[in-house]
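**Student:**
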Amino acid sequence: MHFQEHKPAGIRAGWSTLWQGRAPIAFRGPDGQRPAMTLHSDPVSESAPGDRGTTPAIPDIRVGTVSSAERTQDKTHLWIDFGAHLGVRRATMTLAKRYKPAQLVGRQVCAVVNPHLHTASINQVLALGMPDHSGDTVLICPDRRVPDGGKLF
18 MHFQEHKPAG IRAGWSTLWQ GRAPIAFRGP DGQRPAMTLH SDPVSESAPG
68 DRGTTPAIPD IRVGTVSSAE RTQDKTHLWI DFGAHLGVRR ATMTLAKRYK
118 PAQLVGRQVC AVVNPHLHTA SINQVLALGM PDHSGDTVLI CPDRRVPDGG
168 KLF
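In the working numbering, the protein residues as written are 18 to 170.
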């Protein structure tokens with residue numbers, strides 16, 4: 018009996034195995050069969066909503082430039098340009114306390130471009146942020162200008 022056979026049924030492979038693009042040799046599912054592994058290629062790693070239980074959810078994190086921003090009530094809507102391959106996509110966040118819409122235009126931000134793996138919202142992308150000491154959202158941004166659509170590795 019191998020160590021990996023003791024993993025819960027929902028865990029299919031480790032990160033290092035996923036990046037190598039193959040399933041672990043020793044792992045067998047509860048039925049004794051090797052699980053089907055499908056990894057997705059660029060420009061966007063997406064899986065169908067029905068695949069959530071069969072393939073690992075690998076977030077595809079990219080950088081893009083905010084091309085437009087507007088505030089409605091307590092939410093800020095961002096339109097983020099991810100370059101030629103992905104185009105402009107929308108994200109919605111609670112940023113009212115820290116950022117004004119005009120401050121966000123032209124700023125680069127990091128976002129998950131396959132958010133259906135993580136949330137069932139109406140957003141096309143999931144912009145990334147972290148709470149500061151007072152609980153306000155701080156956007157995750159590169160410290161230098163990088164090409165739009167660049168993938169986090």
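Glycine is no exception: its CB is placed at the ideal position from the N, C-alpha and C atoms.
All values reported here derive from a predicted model rather than from experimental measurement.
Please state the DSSP three-state secondary structure of Gln141.
**Tutor:** coil
**Student:** Just the Cα atoms here: how many angstroms apart are Gly167 and Val105?
**Tutor:** 14 Å
**Student:** Can you tell me which of the three DSSP states Ala65 falls into?
**Tutor:** Because Ala65 carries a pLDDT of 46, less than 50, the predicted location of this residue cannot be relied on, and the following value inherits that uncertainty. DSSP places Ala65 in coil when its eight states are reduced to three.
**Student:** Beta carbon of Arg79, beta carbon of Ala128: below 8 Å?
**Tutor:** yes
**Student:** Tell me Cys127's beta-bridge partners as DSSP assigns them.
**Tutor:** Answer by DSSP bridge pairing, in chain order: Val80.
**Student:** Shortest alpha-carbon distance to Gln141 belongs to which of Ser151, Val130, Pro148 and Met147?
**Tutor:** Val130
**Student:** Give the secondary structure of Pro159 by DSSP, where H, G and I count as helix, E and B as strand, and everything else as coil.
**Tutor:** coil
**Student:** Quick one: grab the DSSP three-state call for Ala119.
**Tutor:** helix
**Student:** Quick check on Ile97: does DSSP put it in helix, strand or coil?
**Tutor:** strand
**Student:** Check the DSSP bridge columns for Thr154 and list the partner residues they point to.
**Tutor:** Pro148
**Student:** Mapping DSSP to helix, strand and coil, what is Lys114?
**Tutor:** DSSP places Lys114 in coil when its eight states are reduced to three.
**Student:** In the DSSP output, what is Ala86 paired with across the bridge?
**Tutor:** Leu95
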